[in-house]
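Take a look at the structure below.
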Amino acid sequence: MFQGRKLLVTGGTGSIGNSICSYFSNNGCDDVYSTTTNINKIKSNQDYIKFKELDLNNIKNINLEQLFDFDIDYLVLNAGLNRDNIFLRMTPEDWSSVINVNLNSSFYLLKYFVKKMIKKRFGRVIFISSVVAHTGNPGQVNYTASKSAISGMVKSLALELSTRNITVNSVAPGFIKSNMTDKLNEDQKNAILERIPMKKLGDSSDIAKAVGFLCSENANYITGQTLHVNGGLALI
Amino acid sequence: MSDIEERVKKIVVEHLGVEEAKIQSDSKFIDDLGADSLDTVELVMAFEEEFGCEIPDDAAEKIVTLKDAVTYLTANSN
Numbered sequence: 019m020f021q022g023r024k025l026l027v028t029g030g031t032g033s034i035g036n037s038i039c040s041y042f043s044n045n046g047c048d049d050v051y052s053t054t055t056n057i058n059k060i061k062s063n064q065d066y067i068k069f070k071e072l073d074l075n076n077i078k079n080i081n082l083e084q085l086f087d088f089d090i091d092y093l094v095l096n097a098g099l100n101r102d103n104i105f106l107r108m109t110p111e112d113w114s115s116v117i118n119v120n121l122n123s124s125f126y127l128l129k130y131f132v133k134k135m136i137k138k139r140f141g142r143v144i145f146i147s148s149v150v151a152h153t154g155n156p157g158q159v160n161y162t163a164s165k166s167a168i169s170g171m172v173k174s175l176a177l178e179l180s181t182r183n184i185t186v187n188s189v190a191p192g193f194i195k196s197n198m199t200d201k202l203n204e205d206q207k208n209a210i211l212e213r214i215p216m217k218k219l220g221d222s223s224d225i226a227k228a229v230g231f232l233c234s235e236n237a238n239y240i241t242g243q244t245l246h247v248n249g250g251l252a253l254i
Numbered sequence: 065m066s067d068i069e070e071r072v073k074k075i076v077v078e079h080l081g082v083e084e085a086k087i088q089s090d091s092k093f094i095d096d097l098g099a100d101s102l103d104t105v106e107l108v109m110a111f112e113e114e115f116g117c118e119i120p121d122d123a124a125e126k127i128v129t130l131k132d133a134v135t136y137l138t139a140n141s142n
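Protein chains in written order, with this note's numbering: chain E, 19 to 254; chain F, 65 to 142.
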């Protein structure tokens, strides 16, 4: 499906990032690039992924031309972090690190790669958003702010780039089994399951397939959209 | 016509698909030659490639006519 194409996924050591890399690789993509903050986090079964060490919190000081001396067809902005706390206890650092990594880093990566996509007259940009961007979530003022900002970015960028055969979409996962949900305790997990009509957490491969669809030829006429993958948790 | 002007004109003709005869040195890419704002970014990218130089964003924004491009590239190309 992705023969001859090149993919870059930020945050490839996380569960969703890893699933996306493996889905594309299994479907013919030979050049799978990814970034991670810490090269030691790379797992032994990820040797097919060409990793670049990149601290997204510090991206504005990085020479991207040196780091990424290649062009890509698919850019998946997946890396994200959360620093949850009720708003009144949230520190300015909690706020700015989440905004920096989840939102601001995309600005720099897109500035760099969209230019190359324009030249090629082809590009697929996928943001990984979140259901909470659309519903809100107590304790995640910073995280939800960063993710809902993405919605606006997706739409405006999609409009700007539509004449150059570049589509821009996002995938909004619900509760997916991941490093983030592993941190929840049993009571929290049960409370979540009760709210999900399908009564199960999603799998990271469910997100990878949605990303794959949006990058595939089946989605050539889809741009500026958010695809919700959440087991019915929120119907938006 | 200088060599630089000729090369710039060739890029504009190819990229915007306009007839060479229609391009005056003070024709504006957007107002007179039918370019959209992304076209102007692409023109600058093509100039950079052709002349082996980097045109910073603040300078690129000021290149709105053929003459602007020729003046900038005469002063800055390798």
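Glycine included, each C-beta is placed from N, C-alpha and C at the ideal position.
Chain F partners of residue i, CB-CB under 7 Å?
i: I90/E; result: Ordered by position in chain F, no residue passes the 7 Å Cβ test against I90/E, which lies about 17 Å from the chain.
i: R182/E; result: L102
i: K137/E; result: M109
Measuring CA to CA, which of the options is closest to residue i?
i: T104/F; options: E84/F, E70/F and T129/F; result: T129/F
i: L245/E; options: N58/E, V50/E, P191/E and Q158/E; result: P191/E
i: T138/F; options: E125/F, E112/F, D121/F and D122/F; result: E112/F
i: K129/E; options: E111/E, L175/E and V150/E; result: L175/E
i: Y41/E; options: I90/E, Q243/E, A252/E and C233/E; result: C233/E
i: G35/E; options: L211/E, Y51/E, F20/E and N248/E; result: Y51/E
i: P110/E; options: I168/E, N160/E, G250/E and N187/E; result: N160/E
i: S91/F; options: Y136/F, N140/F, S141/F and I127/F; result: I127/F
i: N76/E; options: T54/E, I60/E and K68/E; result: T54/E
i: M171/E; options: F69/E, Q243/E, L219/E and I57/E; result: Q243/E
i: F20/E; options: Y239/E, I254/E and E235/E; result: E235/E
i: V259/E; options: D49/E, V119/E and I136/E; result: No answer is possible for residue 259/E: it lies beyond the span of chain E, which begins at 19 and ends at 254.
Could you tell me how far apart the beta carbons of residue i and residue j are, in whole angstroms, since I believe they sit closer than 8 Å?
i: F145/E; j: S114/E; result: 20 Å between Cβ atoms; not a contact.
i: A133/F; j: V72/F; result: 5 Å
i: L179/E; j: V132/E; result: 7 Å
i: S33/E; j: A226/E; result: Incorrect: roughly 10 Å between the Cβ atoms, too far for contact.
i: L93/E; j: L72/E; result: Contact doesn't hold; Cβ gap of about 13 Å is too wide.
i: L97/F; j: L80/F; result: 5 Å
Quick one: Cα of residue i to Cα of residue j, how far?
i: A214/E; j: V189/E; result: It is Ile, not Ala, that sits at residue 214/E in the sequence shown. Computed Cα separation, rounded: 18 Å.
i: G230/E; j: R107/E; result: 39 Å
i: F193/E; j: T28/E; result: 20 Å
i: I168/E; j: V149/E; result: 12 Å
i: S102/E; j: K201/E; result: Residue identity check: residue 102/E is Asp in the sequence provided, not Ser. Their Cα atoms are separated by approximately 12 Å.
i: D224/E; j: F115/F; result: 47 Å
i: M216/E; j: G249/E; result: 5 Å
i: K24/E; j: D87/E; result: 13 Å
i: K70/E; j: N81/E; result: 13 Å
i: A252/E; j: G220/E; result: 13 Å
Note down, in chain order, every chain F residue with its Cβ under 9 Å from the Cβ of residue i.
i: K78/E; result: Residues of chain F passing the Cβ test: none, with the nearest at roughly 15 Å.
Taking C-beta pairs closer than 7 Å, name the residues in chain E that residue i reaches, listed in chain order.
i: E106/F; result: I136
Along chain F, in chain order, which residues have C-beta atoms closer than 8 Å to that of residue i?
i: K173/E; result: Chain F residues near K173/E: none, gap ~17 Å exceeds 8 Å.
Where in the stretch 175 to 208 of chain E do unbroken runs of the alpha helix (DSSP H), each at least 4 residues long, occur, reported from the N-terminal end onward?
-> 197 to 200
Taking only runs of the alpha helix (DSSP H) that begin and end inside the stretch 101 to 143 of chain E, which ones reach a length of at least 4 residues, in chain order?
-> 110 to 117 and 123 to 138
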